[in-house]
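Numbering (the working numbering), first residue to last: 295 to 448.
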């Protein structure tokens, strides 16, 4: 009889049993006798459900840029890459400079023309400050593109 009581006690204290006590208190550190006295209900803990995520597929096709550390790019291939990079940066620079000029024309030295929806002077001032900030950002973009072009070999 004592053996059965000891087995029952061990089962009640196993980590897979927890108690929900009044006041929304969850615990697994009390005995079944203490839980009964406090009015707690025994629950059996379950293992969390795990769901496998999507598998990562290997990239298809040959890896053209994969080279070992010792290999160098052919000089004609490098010149082609540099030419392409310069062309792309030149095109981007021309586009950004044109956008900057359009912004400066609209800004009109801090006095852009008022729109019909700007009867409130604060709206006008907000648009002027937004234009000024946009011009500053665009000037920084143009400067960054010029720096990048300066890094490329001629």
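Glycine residues also receive a C-beta, built at the ideal position from the N, C-alpha and C atoms.
Computed from a predicted model, the values in this text were never measured in an experiment.
If you draw a straight line from the Cα of residue 429 to the Cα of residue 441, it is about 18 Å long.
Annotated as proximal: residue 394 and residue 432, with beta-carbon spacing under 8 Å. When DSSP states are grouped into helix, strand and coil, residue 379 belongs to the helix group. In this model, residue 352 and residue 389 are separated by some 38 Å (Cα to Cα).
Beyond the five residues adjoining it in sequence on each side, residue 446 comes within less than 8 Å, by CB distance, of 376, 379, 380 and 383 in the same chain, given in chain order. Taking a contact to require three or more Cβ pairs closer than 8 Å, the region 335-344 and the region 398-407 do not qualify as touching. Secondary structure at residue 338: strand, using DSSP grouped into helix, strand and coil. Under DSSP, residue 313 takes part in a beta bridge, and its partners are 321 and 336.
For residue 426, the enclosing alpha helix (DSSP H) has its first and last residue at 415-445.
By the neighbour-count criterion, in which a residue is buried when 16 or more other Cβ atoms sit within 10 angstroms of its Cβ, residue 396 is exposed. A straight-line Cα-Cα distance of about 22 Å links residue 421 and residue 436.
The residue from 346, 348, 315 and 403 with its alpha-carbon nearest to that of residue 336 is 315.
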